[in-house]
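Notes to accompany the following structure.
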Amino acid sequence: MNIDRKQFFKVLAAGTVATSGVSTLFARERKLLPKNAVGILYDATLCIGCKSCEVECKKVNGMSGVFDTKLEQSHNVSGIWDGGNDLDSKTLNKIKMYRNGTSSTKDKETNGYAFIKRACMHCIDPNCVSACPVTALTKDPITGIVQYDKGACIGCRYCQVACPFNIPKFEFDKALPEIVKCEMCKHQLDKGGIPGCCDVCPTGASLFGPVEKLMKEARRRIKAQPGTKYRYPVSSLESGETQTHTVQKYISYIYGEKETGGTQYLILSAVPYEKLGLLKLPEKSAASTSEKIQHTAYKGMIAPVVLLGGLLYAAHRSTKQDSTE
Amino acid sequence: MIKSKDKNGSQIDKHYTEQLKERGISRSDFIKFCSVAVATMSMPLSFAAKVAKSITDPARPPVIWLHFQECTGCTETLLRATHPTVDNLVLDMISLDYSETLCAAAGHQVEDALHKSVKANKGKFILVVEGSVPLAEDGIYCKIGGKSALDIIKEIGPQAAATVSIGSCASWGGVQSTYPNPTQATGIGDVYKMNNIKTPVINLPGCPPSPYNLLSTVLYYLTLKKLPKLDKLGRPKFAYSTLVHENCERRPHFDAGRFAEKYGDENHRQGHCLYKIGCKGPETYANCPSINFCDVNTWPVSVGHPCFGCAEQGVGFAKPLHEQADVKLVTPPAGFPNINEEKPGGVTIGAAAVAGVVAGAAITASVATAKKIGETEA
Chain A
1 MNIDRKQFFK VLAAGTVATS GVSTLFARER KLLPKNAVGI LYDATLCIGC KSCEVECKKV
61 NGMSGVFDTK LEQSHNVSGI WDGGNDLDSK TLNKIKMYRN GTSSTKDKET NGYAFIKRAC
121 MHCIDPNCVS ACPVTALTKD PITGIVQYDK GACIGCRYCQ VACPFNIPKF EFDKALPEIV
181 KCEMCKHQLD KGGIPGCCDV CPTGASLFGP VEKLMKEARR RIKAQPGTKY RYPVSSLESG
241 ETQTHTVQKY ISYIYGEKET GGTQYLILSA VPYEKLGLLK LPEKSAASTS EKIQHTAYKG
301 MIAPVVLLGG LLYAAHRSTK QDSTE
Chain B
1001 MIKSKDKNGS QIDKHYTEQL KERGISRSDF IKFCSVAVAT MSMPLSFAAK VAKSITDPAR
1061 PPVIWLHFQE CTGCTETLLR ATHPTVDNLV LDMISLDYSE TLCAAAGHQV EDALHKSVKA
1121 NKGKFILVVE GSVPLAEDGI YCKIGGKSAL DIIKEIGPQA AATVSIGSCA SWGGVQSTYP
1181 NPTQATGIGD VYKMNNIKTP VINLPGCPPS PYNLLSTVLY YLTLKKLPKL DKLGRPKFAY
1241 STLVHENCER RPHFDAGRFA EKYGDENHRQ GHCLYKIGCK GPETYANCPS INFCDVNTWP
1301 VSVGHPCFGC AEQGVGFAKP LHEQADVKLV TPPAGFPNIN EEKPGGVTIG AAAVAGVVAG
1361 AAITASVATA KKIGETEA
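In the order they appear, the protein sequences are chains A and B.
If you're matching positions, the first sequence starts at 1 in the numbering used here and goes up one per residue.
If you're matching positions, the second sequence starts at 1001 in the numbering used here and goes up one per residue.
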C-alpha cells in the first residue's frame, strides 16, 4: 500500500479529531448529593464487634447463611450465619478486623485492633451506575440509594469491575443469577423504618440519618477532645436515644467525604483508613472521567462521522491507486 | 501423733479428723472442700492432698484482720460461703488472732491481743486488710482505739509477712474513693508506696470479692510458702486474669448480637446478653462467671443484672450503671475475618511464576529427552 506523506497526515488529522476527547481529560461536572440523601455513619471506635448488624441484615433481607463445612463441623452446628470471610452473594455487610502485634488495645495502630464494617458505600457519583449498560443499577434521585433492578440486569457484571470498593457480588451458584449489594434496606425505609444494621447497633457505631447531618455529626466528633465523654446518638439521628462513650483520637478526616466524588456511607476511625482496607481514591470518580471522554467523543456524532469519513477516504484512495497500478 | 492415710493418699492428723467429726464434717467432705479450693487456684487435683496437709498442719501462720473504711461486706461474704462450718474451720485453722467482727473479746482486751500477736509473730503473720485508709486531715475520718487507720497500718504493715487487701476498698479505695473523695480514701497498696513499706500486697478487689479467692490465696501461701503470681495491679492471676465477659454464660448471645433491650423484655427473659443495658463485664477482670457466688451457682449476671464492674478501678462506682462498657479485649469464640482475606483457590502472582518456571523446565526437559531418544534411535 502506497500512501504519500500528504495523505498520511490527512488520515491522522481525522483520527485526532475523532479522539480529541482523550486529550481533554477534564471530568464532567461533579454530581451533587441529592437533597434528601440518606446515609450511614459508621464509627469504628464505637464498634464492639458484636455482629448484631450482620444478624439483622440477614434477617430483614431474607438472606441465607453461608456454608462453611469445616467451621460447621468444628462447632457441630449447621447453617452458620457469619461463616463467610467477606462480602458475597449471601452477605451484604461484614465486620472485619484489623490486627497488629499483640492486638491488646482497641483502636491502636500498633499492638492494637480495630473493627471495620464493609458494605456498599452508596457513592454520590457511582461507577457501577455509570458502567451498567442497561440501567439495572440506578441512583435514587431522592434518597440517593444505589439500587438494583433484577428485571433489567443482563448479568454482564460490569458493575463488579467498575466498583472501586469491590462491593457488588454475583450469584455464580444460581441458574438465574442476580447482582447482590446493600440497598440500605430501602424496603424498610419505604415503611418508615431505618436500615436493619443501624436499628440494632447497640453503641451507635452504625448511625442512620440525612447525609448532610451525618457529616456535621462526624465533624463534631473529630473536633471533640479525646478522652472526654460524648453522647453518641444510637440507631438514627432522630431516634433521640444516646449512649455515652469516651471520645477516641479520631483520624481528622471523614472517609467518604471526597473519595471517588463522595459517598453516602461515611466512616470514622482512630486507625489509619488504609489499615482498614479503605483505599486512597481520587476525588474524581472514574465514572466522571470516562463519561466525559465518551460524551465528548460522541458529541452530536460528529467525531465518529469524521473518523469514518477519513477512513473511507483513505480506503478509497488506496483502492484507486491499486486499480491504476 | 497418729497419722491416718485416707483414700486420696493424704495424711490427715488424727486429732484434726476428730475435730472435723465433732463439727459434723466427714473426711470426704473435707477433701472435697480442698479439691474445690485447688480448682479455684487452677492447680492439678493432686494438690488437694497437699492443701489438706497444710490446713491440718499444727504450725499455722497467724492472720490478723484489720477493718478500716468499709462495710464489713467482705467478712460477711466469707462467713456466708456455703459450708460455713468448713469456712469457720479454716478460719480457725489459720489462727485468726484479731478480727473486730469475729473476736469475742472487746476493748482493751482485744487491742492487747492484737499487739501481742504482732509482737510474737513479727514477719510471719498474714495481714488481711478490709477497707481503705483515709488520708485527708491526718486520717481523722477513721479511728480505732484512738489511733487513725493510717497510724495503725504504718505500725503493723511493715511487720507482716504479706498483706492481703480484701475488697475493692482496700485494693484501690472502693466506693468512698470516687469523686470527689472527701476523705481521700486510698487503697493499702498506695498507702504502702507513699510510706515506703515494702511488705508485698495481694489485691483481691470486688464488692465483695468471692470468698474463695481469699481462701485460695491463703491456702496457696500455706501450701507453697510463697505468694501466688500477681498481675501488674497486684491481683492473683488465677482469679483476675480474664475479663468477666470471657467466661460469661451469656457470651454466645453477645457474639451473635442478641441483646436485652430493657429489664423484663422478651430478650431479657430469654437470657440474652446484658451489654446494652450497661453490663461492665467486657471491662472488668474477675472470675465471677467461673466460680459464681455462694455455691448456689448464681452471680449477678445469671440472675439478670448487668455486671457493674465492682472489682475494676474506674469502672465500679465510677461509671454510671447503665452506661455501656468499653470492650477491652475481643477473645475467641468471636472470630472475625481479616481486612484482606485470601480467597480460597486463588493463585498468587508468585505461585503462578513458580508454576510457570516449573512447567517451562518440564517442557524443555521433555523436548531435550525426545530429541535425545530420536538421536539414539537414528
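Cβ atoms here follow ideal geometry from the backbone N, Cα and C, with glycine treated the same way.
Which partner residues does proline 210(A) have in the DSSP bridge list?
DSSP lists Val38(A) as partners of proline 210(A).
What are the partner residues of valine 180(A), as DSSP defines its beta bridges?
Lys169(A)
Ordered along the chain, which non-local residues of its own chain (more than five positions away) have a Cβ less than 8 Å from that of glycine 49(A)?
The answer, listed in chain order, is Ile95, Met97, Phe115.
Please go through the same chain and pick out, in chain order, the residues whose beta-carbon is closer than 7 Å to the beta-carbon of cysteine 1310(B), but skip the five residues on each side of it.
Ser1168, Gly1206, Cys1207, Gly1316
Would you say proline 1289(B) and cysteine 1074(B) are within 8 Å of each other, going by their C-beta atoms?
Cβ distance not < 8 Å, so proline 1289(B) and cysteine 1074(B) don't count as in contact.
Per DSSP, what kind of secondary structure is serine 1148(B) in: helix, strand or coil?
strand
Evaluate aspartate 1097(B) with the Cβ neighbour count: other Cβ atoms within 10 Å of its Cβ, from every protein chain shown; 16 or more gives buried, anything less gives exposed.
buried
Within this structure, are the beta carbons of glycine 144(A) and leucine 33(A) separated by less than 8 Å?
Less than 8 Å separates the beta-carbon of glycine 144(A) from that of leucine 33(A).
Starting from histidine 245(A), trace the beta strand (DSSP E) in both directions and tell me its first and last residue.
DSSP places histidine 245(A) inside the beta strand (DSSP E), whose first and last residues are 242-246.
If you draw a straight line from the alpha carbon of aspartate 1029(B) to that of threonine 1298(B), how long is it in whole angstroms?
So the two alpha carbons sit approximately 22 Å from each other.
For glycine 1123(B), count neighbouring C-beta atoms within 10 Å of its own C-beta (all shown protein chains included) and say buried if the count is 16 or more, exposed if not.
exposed
What residues of chain A sit near leucine 1150(B), judged by a beta carbon separation below 7 Å?
Simply none; closest approach about 32 Å.
Per the DSSP calculation, valine 1164(B) is bridged to which residue(s)?
Val1128(B), Ile1202(B)
Looking at the secondary structure, which residues open and close the alpha helix (DSSP H) in which methionine 1194(B) lies?
1188-1194
Can you tell which of Tyr230(A), Cys123(A), Leu276(A) has its C-alpha closest to the C-alpha of isoleucine 251(A)?
Leu276(A)
Hey, does valine 200(A) have any beta-carbon neighbour from chain B nearer than 8 Å?
yes
With a cut-off of 8 Å, does the C-beta of proline 91(A) fall near any C-beta of chain B?
Note that residue 91(A) corresponds to threonine in the displayed sequence, not to proline. So no, threonine 91(A) is outside the interface.
With distance defined between alpha-carbon atoms, name the residue in Lys1154(B), Leu1214(B), Leu1215(B), Gln1159(B) nearest to aspartate 1190(B).
Lys1154(B)
Along chain B, in chain order, which residues have C-beta atoms closer than 8 Å to that of lysine 63(A)?
Note on identity: in this sequence residue 63(A) is methionine, with lysine being the wrong assignment. Those do not exist, as methionine 63(A) stays about 15 Å from chain B at its closest Cβ, beyond 8 Å.
Distance, Cα to Cα, threonine 296(A) vs isoleucine 302(A)?
So the alpha carbons of these two residues sit roughly 10 Å apart.
Can you list, in chain order, the residues of its chain with a C-beta nearer than 7 Å to that of lysine 139(A)? Leave out the 5 residues immediately preceding and following it.
For lysine 139(A), the CB contacts under 7 Å within the same chain, skipping 5 residues up- and downstream, are Pro126, Val129, Val146 in chain order.
Here's the rule: buried if 16 or more other CB atoms are within 10 angstroms of the residue's CB, otherwise exposed. What is glutamine 1313(B)?
buried
May I ask you to list the residues that DSSP assigns as paired with valine 1063(B)?
Leu1096(B), Ile1126(B)
Starting from lysine 284(A), follow the beta strand (DSSP E) in both directions and report where the run begins and ends.
Neither: lysine 284(A) is in no beta strand (DSSP E) and is coded neither H nor E.
Just the C-alpha distance for alanine 131(A) and isoleucine 293(A), rounded to the nearest angstrom, thanks.
Near 14 Å, if we compare the C-alpha coordinates of isoleucine 293(A) and alanine 131(A).
Have a look at aspartate 43(A) and lysine 1262(B) and give me their C-alpha separation to the nearest angstrom.
Straight-line spacing of the CA atoms in aspartate 43(A) and lysine 1262(B) works out to 24 Å.
Tell me whether glutamate 1070(B), by its Cβ, gets closer than 7 Å to a heavy atom of the ligand NAP.
With respect to the ligand NAP, the structure shown offers nothing to examine, as it has no ligands at all.
State the Cα-Cα distance for the pair serine 1241(B) and isoleucine 1291(B), rounded to the nearest angstrom.
14 Å
Which complete alpha helix (DSSP H) runs does the stretch 281-320 of chain A hold, if anything under 4 residues is left out?
286-297
In this structure, does DSSP put asparagine 61(A) in helix, strand or coil?
Reduced to three states, the DSSP call for asparagine 61(A) is helix.
Tell me whether aspartate 328(A) is buried or exposed, calling it buried when 16 or more other Cβ atoms sit within 10 Å of its Cβ.
The structure shown has nothing for residue 328(A), since chain A only spans 1 to 325.
Measuring CB atoms only, is the stretch 1318-1334 of chain B touching the stretch 1183-1200 of chain B, in the sense that at least three cross pairs come out at less than 8 Å?
no
For proline 133(A) and serine 290(A), what's the separation of their Cα atoms in angstroms?
14 Å
On the three-state DSSP scale, how would you describe glutamine 73(A)?
helix
What residue does the alpha helix (DSSP H) around lysine 1119(B) start on, and which one ends it?
1107-1120
Short check: CB of asparagine 93(A) to CB of cysteine 47(A), under 8 Å?
no
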